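Accompanying notes for the structure given below.
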Amino acid sequence: MTRSLARLALRQLRRHPWQLGLTVVGIALGVAVAVSIDLANGSARRAFSLTTEAVSGRATHQVLSGPSGLTDEVYRRLRMEVGVRRAAPVVAGDVSAAGRPGRTFHLLGIDPFVDGDFRPYLGGGESAGDRGQTRGRDALARAAELVTRPGAALIAGPTAAELGLAPGARLEVEAAGTRRTLTIVGLLDPADPASARALEGLLVTDIATAQEVFGAAGRLTRIDLLVDDEPAAGDLLTRVVEALPPDADLVAAGTRAGATASMIRAFQWNLTALSLLALVVGMFLIYQTMTFSVVQRRPLIGALRALGVTRGEVFALVMGEAVVIGVVGTLAGLLLGVVMAQGLLRLVTRTINDLYFVLAVRDVALDPLTLAKGVLLGLGATALAAVAPALEATGAPPRVAMSRASLETRARRAARAVTGLGLALLAAGAGLLALPAGGIVGGFGGLFVLMVGCALVTPAAAILLLRPLHRLAGAAFGMLGRLATRGIVAALSRTSVALAALMIAVSAAIGVGVMIASFREAVTRWLEGTLRADVYVSAPSLVGGRPGATLDPGLAARLGATPGVARASTSRVALAQSPLGPVQVVAIDVDPRRPPRWRFREGGGEAVWTATANTVIVSEPFATRHGLGLGDAVRLRTDRGEHDFPVAGVFYDYGSSAGVVVMSRATYDRAWADRGITSLALEAAPGVEVAALVAAVRERAAGGPDVVVRSNQALREASLEIFDRTFAITGVLRTLTLVVAFVGMLAALMALQLERTREVGVLRALGLTPRQVWGLLTAQTGIMGLLAGVLAVPGGLLLAGVLVLVVNRRSFGWTMPIDASPEILAQGVALSVLAAVLAGVYPAWRMATAPPAEGLRDE
């Protein structure tokens, strides 16, 4: 009996290849989106982890300082006076490869004679003296070559091959607006593939060369320590702390990397959650397909039950079909996900480079755990979605199973229970969002519960909306209009799932669109209040979200004296150490009579800009992340030791999710000896054109270190361009979710076409022309799209509210007003109608052109 049922199921699948194919495509797309995002995120995380490990090596602790770094004397004191034998000086920073747009490296300056314990990958490679004849040259000889040859550098073997560099070749790099020429004296080519990938974006030089590249003579970025876990370690660390100058601090290795990793974790969480929306829509598609499969075979199932087939065998038949479809769709989704991950990885990496740090990652790392999760998602979603149709197939007695009317009656009755469950889920989702300790996971959990609740109330809401539509359609189009609306309710068991799937997808499009529009409007207003000067000058920066290089003070003074400049002010962006971790400090030279027009959540900035003030203002993300408010204090390690700065205000800021601490330049200069300038703001004198002033500043800057000179408008456009790039991947995910919903709608209408053949045949026999039939069916699909679109408006606004007011705040610490543009809402409704009509074109054409006799054959 089991074999006969299996052949019967296989015959059913063969008879409807379009329906089978669309279901497989829907599952594959849902799995592919989730897997591709997971693989892209995982590859970026792995690259960051490997790169951090390659740079930090085996260090257990690090000595860090403020904006000016450490002096060489600190390293000498630790080695000679404290007796720390395993200590390694480091000068590190990011450089760009001149003449190779978009190619960046992390340059690591080391002392190769003491660095072997920290970074063992420096022990082998190919040397310039060998010209490729031998490998694994003695580490001591390589160290001597790195130190004695001016501008000597090591580069990863695969990277050198990609760039066409051999030992002895020259590579021009740029940092702080100044170019330096390095000579490749050896290749880093570790046998471990993981280490090889980690070194792809790394250049290694000696300390002196790195100091020359970054213009930091006599200064170190940090000192790495390797302290064994033994009883004497505590005493050694205590002596290290006692020997440090007031501006230096001892921290556990990885503290700074951990802070950066926590910033990108929220970004990746958001991508993962959005990718799961496509899988949720795919689950509706699976449920819909299996429901249609059961509905189409209800008479056959009833006959089988009458012939003695048990409920368990029928249940196994339906679930077996679902598993087979799920396996095929999941395998296709895994393959498609790997391909899609390569493209998404570029978008993820570009966003991380724009906002957080320079990351070199080119290939997707195939994580078995991610692929296993994809299999679990695909098969689990398929099985879960098929349970209800399988129970429906086994629950009805044989006589009832042969009656179609009984199914629709039960479907309309069940709509009430489903609506009640949906309302309960909406309340539960709101409760989850209200939990203060929910975090990001709780926010997305509540969001998904709300979305499922919205989907469950869709059938009842559609019935309510159809009542006025029924009257309007009848008045406008007569009998055909009434048939179009009545057919949706009459086939509720088949149309409700398609409506819910399309509603969820369009809600996601509206919600994400409103969220992006709200964010963009908030950023635009923030830029208008922050950028008040006419021209801005800065050194080239590789990462938008980190402090960049500094301007030469003499050059800044010369540019500030350019004819046509009414006023010049400077700012300094630097990292300071604190008990909270690395803190970005912004020092601004502000005229108290013309303070920045920032918006404050608490307090204000008036008292900060006076020459004698010792207070600071903090950005909203910083205050949220660390629980600070008006009257609290931020403790920072200055050149004179730790100092508490009272908080005078909390301002809205969208430039950094980690947050910033802002103070006057006078306050900064009292705390730190650093006199660096990150950017220069110039105001044009009355009657001077901004474009002419930009040209004059560029002309005066020519011949010196490279600088970036931009007008206020150009800087705003560049900032918004980074914003748009950040959300490019969100747009891709939104489109993929809509594609899954389109496939679901097409599958639903194809199945309806199969089932309504006799109904259409009767209408044709009663005198309807093919054109009228086509118009009837197209109108019906258009009405379904209109219903889904109208219902998606409140669903999308609900989604946008959660994303803006809950998820964004918990993820990044930002709050902003919701900008629900009518244009976005109208676009969502139009998109829904268009998707439904396009999905219905082919099924409507098939039914309209089918001969009437074909539909009446069973009569």
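Note that the sequence shown covers residues 21 to 879 in our numbering.
Using N, Cα and C, we set each Cβ at its ideal position, and we do this for glycine too.
Given the structure is predicted, the values throughout are model-derived calculations rather than measurements.
Buried versus exposed call for arginine 151 [16 or more other C-beta atoms within 10 Å across all chains shown]: Low local confidence applies: a pLDDT of 38 at arginine 151 is under 50, so the model's placement there is unreliable, with the coordinate-based value given in what follows. Exposed.
Would you kindly work out how many angstroms separate the C-alpha atoms of glycine 156 and serine 591, rounded to a whole number? Per-residue confidence for glycine 156 stands at a pLDDT of 45, beneath the threshold of 50, marking its modelled position as unreliable; no derived number is given.
Select from Ala820, Leu240 and Val717 the residue whose C-alpha is nearest the C-alpha of proline 583. The shortest Cα separation from proline 583 among Ala820, Leu240 and Val717 belongs to Val717.
Return yes when the Cβ of threonine 201 is within less than 8 Å of the Cβ of glycine 129, no when it is not. Taking 8 Å as the cut-off, the Cβ atoms of glycine 129 and threonine 201 do not count as close.
With 16 other CB atoms within 10 Å as the buried threshold, where does arginine 614 fall? Note on arginine 614: under 16 other CB atoms within 10 angstroms of its CB, so exposed under the neighbour-count rule.
May I ask you to list the residues that DSSP assigns as paired with alanine 172? DSSP lists Thr203 as partners of alanine 172.
Can you tell me whether DSSP reads isoleucine 227 as helix, strand or coil? Of the three classes helix, strand and coil, the one that applies to isoleucine 227 here is helix, per DSSP.
Would you say phenylalanine 832 and serine 677 are within 8 Å of each other, going by their C-beta atoms? A contact, by the Cβ cut-off of 8 Å.
Three-state secondary structure (DSSP) of methionine 339: Methionine 339 falls in the helix class under three-state DSSP.
Name the DSSP beta bridge partners of tyrosine 674, please? For tyrosine 674, which the question treats as bridged, DSSP gives no partner whatsoever.
Using three-state DSSP, classify methionine 836 as helix, strand or coil. Coil.
Between isoleucine 530 and alanine 850, which are expected to be in contact by the criterion C-beta below 8 Å, what is the C-beta distance as a whole number of angstroms? So it is not a contact: roughly 11 Å between Cβ atoms.
Does valine 610 come out as helix, strand or coil in the three-state DSSP assignment? In the structure shown, the three-state DSSP call for valine 610 is coil.
Alpha carbon of arginine 27 to alpha carbon of proline 456, nearest angstrom: Computed Cα separation, rounded: 55 Å.
Straight-line gap, valine 824 to threonine 835 (C-alpha atoms, nearest Å): Valine 824 and threonine 835: Cα-Cα distance of roughly 7 Å.
Kindly indicate which three-state DSSP category valine 793 falls into: helix, strand or coil? Taken through DSSP and simplified to helix, strand or coil, valine 793 comes out as helix.
Would you mind giving the Cβ-Cβ distance between arginine 617 and glycine 723, rounded to the nearest angstrom? I have them listed as a contact below 8 Å. Between arginine 617 and glycine 723, the beta carbon gap of about 36 Å keeps them out of contact (Cβ cut-off 8 Å).
Taking the CB atoms as reference points, tell me whether phenylalanine 671 and threonine 635 lie closer together than 8 Å. No Cβ-Cβ contact shorter than 8 Å links phenylalanine 671 with threonine 635.
Whole-angstrom C-beta distance between alanine 607 and serine 684, which should lie under 8 Å: Contact between serine 684 and alanine 607 holds: their C-beta atoms lie close to 7 Å from each other, under 8 Å.
Pair within 8 Å by beta-carbon distance, valine 534 and aspartate 839: Contact: yes.
Which word fits alanine 785, buried or exposed, when buried means at least 16 other C-beta atoms lie within 10 angstroms of its C-beta? For alanine 785, the number of other beta carbons within 10 angstroms of its own is below 16, and it is reported as exposed.
Out of curiosity, what's the CA-to-CA distance linking leucine 489 and leucine 396? For leucine 489 and leucine 396, the distance between alpha carbons rounds to 42 Å.
Secondary structure at glutamine 153, three-state DSSP: helix, strand or coil? The predicted model places glutamine 153 with a pLDDT of 37, which falls under 50 and marks its position as unreliable, so this point remains unresolved.
If leucine 354 sits next to leucine 399, beta carbons under 8 Å apart, how far is it from one beta carbon to the other, in whole angstroms? Not a contact, Cβ separation roughly 11 Å.
According to DSSP, is glycine 46 helix, strand or coil? Helix at glycine 46.
Beta carbon of valine 526, beta carbon of glycine 848: below 8 Å? In contact: valine 526 and glycine 848 (Cβ atoms closer than 8 Å).
Endpoints, the beta strand (DSSP E) within which phenylalanine 125 is located: Residues 124 to 130.
In whole angstroms, give me the CA-to-CA distance for arginine 552 and asparagine 732. Near 8 Å, if we compare the C-alpha coordinates of asparagine 732 and arginine 552.
Under 8 Å between the Cβ atoms of valine 51 and glycine 363? For valine 51 and glycine 363, no; Cβs fall outside 8 Å.
Rounded to a whole number of angstroms, what is the C-alpha to C-alpha distance between alanine 653 and valine 469? Rounded to whole angstroms, alanine 653 to valine 469 spans 40 Å at the Cα level.
Leaving out the 5 sequence neighbours to the left and right, which residues in its chain are closer than 6 Å to tyrosine 688 when beta-carbon positions are compared? Ala607, listed in sequence order.
How many angstroms separate the CA atom of arginine 360 from the CA atom of valine 555? Looking at the sequence itself, residue 360 is methionine, so the reference to arginine does not match. If you draw a straight line from the Cα of methionine 360 to the Cα of valine 555, it is about 42 Å long.
Does DSSP classify serine 598 as helix, strand or coil? Here serine 598 sits in coil by DSSP.
Tell me, to the nearest whole angstrom, how far the beta carbon of leucine 453 is from that of valine 477; I am working on the premise that it is less than 8 Å. Going by Cβ atoms, the distance from leucine 453 to valine 477 rounds to 18 Å, so no, they are not a contact pair.
So is threonine 801 buried or exposed if we call it buried at 16+ other beta carbons inside 10 Å? Threonine 801 should be labelled buried.
Consult DSSP for valine 271 and reduce its assignment to one of helix, strand or coil. Three-state DSSP puts valine 271 in a strand.
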